[in-house]
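What follows is one structure encoded as structure tokens, with my remarks underneath.
Number of protein chains: 2
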Amino acid sequence: MSAQNPEQDLPEPRRAEPLDIERGDEVERTAPRSISAADRVRESILTGHFAPGARINEVHLSRALGVSRTPTRAALHALAAEGLVDYAHNRGFTVREFPLQAVLDAYQIRAALEGLACRLAAERGLADEQRAAMEQALRDGDDILRHETLNEDDLVAYRAMNVMFHDAILAAAQSRMLMEAVRLTLNMPGSTHRHIVSFKHDDVRRRHDDHHRLYQLIATGEGWRAEVLMREHVIGLAKQTV
Amino acid sequence: MSAQNPEQDLPEPRRAEPLDIERGDEVERTAPRSISAADRVRESILTGHFAPGARINEVHLSRALGVSRTPTRAALHALAAEGLVDYAHNRGFTVREFPLQAVLDAYQIRAALEGLACRLAAERGLADEQRAAMEQALRDGDDILRHETLNEDDLVAYRAMNVMFHDAILAAAQSRMLMEAVRLTLNMPGSTHRHIVSFKHDDVRRRHDDHHRLYQLIATGEGWRAEVLMREHVIGLAKQTV
DNA sequence: TTCAGCCAAACTGTATTCAGTTCGATTGAC
DNA sequence: GTCAATCGAACTGAATACAGTTTGGCTGAA
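Quick note, the sequences are listed as chains A and B, same order.
Letter by letter, the first sequence follows residues 0 to 241 of numbering that gives the first Met the number 0.
Letter by letter, the second sequence follows residues 0 to 241 of numbering that gives the first Met the number 0.
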């Protein structure tokens, strides 16, 4: 039963942010069920809860999600366009498979895209918000690296810092399409900011040193050098992952 | 009426390929309505039939498509994930706007991605099929350029040749994700292979000369040079578009 | 005249129902 | 014992019905 219906125990709809709290003058609206459903299924796929290549049964899934088939199908269609599931007419949805080569290719694509983001950020300048985020990330990384050895808490903090830094650069590039393209490369099991690359002290220091140099290059408008360095930086992640 | 319901006259479901014809041993299945609907709406948006920013009424649209709201909504959700329409809860779908800067950025993104495709193609080698397609495209381009002046037929042939050449390189890169990322940059009004860049004889010859050099570099495995040239090639398209 | 509040029409979100296809098991012939 | 045809259960595709939200206009008071 549980082997045939892995949909049965999905992650609870973790309230990403404490809703129902007024923010400014506006009350946060409740998300539609199809969005919530997509988020939960995406999470399940990214965490490897669904086996690659497995067929997704709409009835079982909608039962597990506690909604009808309509929003469930909407969610699956959205995930299909995101590239996480495949769709075939009259045969429904299957979990997309990502062979090792595809994961490695994703790093190449991400390197090209984030490299471009660096160049655009350097050309267009950093807004206060992004500059602050990058400087905060640099400080956080410095703090982590002061530890002789790195523990679990450091790992969590490091990931958050890393996401903040890369997101700030993407935001500074001011291109929604570029963000969407990068998201394509992150939305796969094994190629996420969240996922583990080497956490040896030396590797972490080298990567964080890249961040410092990237910040300098972007801040001083040296777009081409920033692009090249970011490419190298991301490719290095792939090397440390395999 | 027609101003409020631009959905009323949609392009007919142009049978992309003469269906119901056996191909090999298998009969081509009829496409589901949601796919057909998505194709028609995508075409309408790309050809500028829907005004950017306009709200899309599900009832009117499904009536124009001749199907119920269910497949219509599925199609719109898919287009939303493709980036052609925006979605807001309880407010439905709107046609996405692409300001000039977004179109120019798309060329930058495409340049980075197709450059990467060239490098991968050079590293991984050309299969017979792709090699044949590229050589055919080069011959077709040569034929067109023999004409002293270029007419409408030449323009049509040139576009087909151009698509064949670029698609062959993407296929040779052997990365589905890369294809999907490139598609993001093409699926926008004003930034399509199909769209017009300069058709002056000198510009066409220069672009076609790039193709010859790209083919040589890929065939001889000079990935880095191919990447750089392709980047320059695509950026040049942007320059000739504005 | 202007603006706040209210009301109804229109629209979107979801559930349910029905129709058509797929796929596996069973049966029978060879 | 093997393979093909057939039948039925299970599943997907689409339509319809219903519920909740938005939106624009109307009314009436300031």
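Backbone N, C-alpha and C fix where the C-beta goes; we use that ideal spot for every residue, glycine too.
Who are the neighbours of Asp313 of chain A on chain B, taking C-beta pairs under 9 Å? Here chain A covers residues 0 to 241 and nothing more, so residue 313 of chain A does not appear.
Which bits of chain B does Leu177 of chain A rub up against, with CB to CB less than 7 Å? Asp104, Ile108
Between the alpha carbons of Asp153 of chain A and Val102 of chain A, how many angstroms are there, rounded? 26 Å
Please report the Cβ distance between Met176 of chain A and Ala105 of chain B, rounded to the nearest whole angstrom; I am assuming they are in contact, meaning their Cβ atoms lie under 8 Å. 6 Å
Would you kindly work out how many angstroms separate the C-alpha atoms of Ala172 of chain A and Ala116 of chain A, rounded to a whole number? 5 Å
The segment 120-130 of chain B in contact with the segment 227-239 of chain B per 3-pair CB rule at 8 Å: no
Exposed or buried, Arg138 of chain A, counting other C-beta atoms within 10 Å across all chains shown (16 or more means buried)? exposed
Could you work out which residues of chain A lie near Ala77 of chain B, taking near to mean beta carbons separated by less than 8 Å? His76, Ala77, Ala79, Ala80
Note down, in chain order, every chain B residue with its Cβ under 8 Å from the Cβ of Arg72 of chain A. Ala73
If I follow the unbroken beta strand (DSSP E) through Thr219 of chain B, where does it start and stop? Segment: none, Thr219 of chain B is in no beta strand (DSSP E) and carries neither H nor E.
Nearest to Glu96 of chain A by alpha carbon, out of A:Arg32, A:Gly82, A:Ala225, A:His88? A:Gly82
Leu75 of chain B to Gly140 of chain B span [Cα, whole Å]: 38 Å
Checking the sheet assignment: what are the DSSP bridge partners for Ala87 of chain A? A:Gly91
Rounded to whole angstroms, what's the CA-CA distance from Ala120 of chain A to Ala111 of chain A? Just pull it up for me. 14 Å
I'd like the list of long-range same chain contacts for His207 of chain A, defined as Cβ closer than 7 Å, with 5 residues on each side in sequence excluded. Gly140, Leu144
Alpha helix (DSSP H) containing Ala269 of chain B: first to last residue? Any answer about residue 269 of chain B is impossible in this case: the structure gives chain B only from 0 up to 241.
Compare the C-beta of Val233 of chain B with all C-beta atoms of chain A and state if any pair is closer than 8 Å. no
Any beta-carbon of chain A closer than 8 Å to the one on Leu112 of chain B? yes
Sort out for me which residues DSSP pairs Arg130 of chain A with in a bridge. Partner(s): none; Arg130 of chain A has no beta bridge.
For His210 of chain A and Phe164 of chain A, which I take to be in contact (beta-carbon distance under 8 Å), what is that distance rounded to the nearest angstrom? 6 Å
Give a yes or no on whether 8 Å exceeds the smallest Cβ distance from Leu83 of chain B to chain A. no
Close-in-space but distant-in-sequence residues of the same chain around Arg68 of chain A (CB under 6 Å, 5 per side omitted): Glu57, Ser61
Please confirm whether Arg22 of chain A has its beta-carbon closer than 8 Å to some beta-carbon of chain B. Because the pLDDT at Arg22 of chain A is just 30, under 50, the model does not fix this residue reliably, and the value given afterwards should be weighed accordingly. Not one chain B Cβ lies under 8 Å of Arg22 of chain A.
Find the residues of chain A that neighbour Ala126 of chain B, judging by a C-beta separation of less than 9 Å, and give them in chain order. By Cβ distance, chain A contributes nothing, its closest Cβ being about 16 Å from Ala126 of chain B, past 9 Å.
Thinking just about the alpha-carbon of each residue, which of B:Trp223, B:Ile234, B:Gln239, B:Ile55 is nearest to the one in Glu122 of chain B? B:Trp223
Of the residues A:Arg72, A:Leu99, A:Tyr214, the one placed nearest Ala132 of chain A, counting alpha carbons only: A:Tyr214
Let's see if you can read the secondary structure: which residues bound the alpha helix (DSSP H) around Leu64 of chain A? 57-64
In or out: Thr184 of chain A buried (at least 16 other Cβ within 10 Å) or exposed? buried
Closest Cβ-Cβ distance between Ala101 of chain A and chain B: below 8 Å? yes
Taking 8 Å as the CB-CB cut-off, is Thr46 of chain A touching chain B? no
Find out if the Cβ-Cβ distance for the pair Thr93 of chain A, Arg41 of chain A is shorter than 8 Å. no
At a CB-CB cut-off below 9 Å, which residues of chain B make contact with Thr184 of chain A? Met176, Ala180
Given a cut-off of 8 Å, decide if Arg109 of chain A and Val162 of chain A are closer than it, judged by their beta-carbon atoms. no
On a CA-only basis, which of B:Gln107, B:Leu78, B:Ile34 is nearest Val66 of chain B? Give me that one, please. B:Ile34
Note down the Cα distance separating Val155 of chain B from Ala136 of chain B, rounded to an integer number of angstroms. 13 Å
Given a cut-off of 8 Å, decide if Ala37 of chain B and Ala73 of chain A are closer than it, judged by their beta-carbon atoms. no
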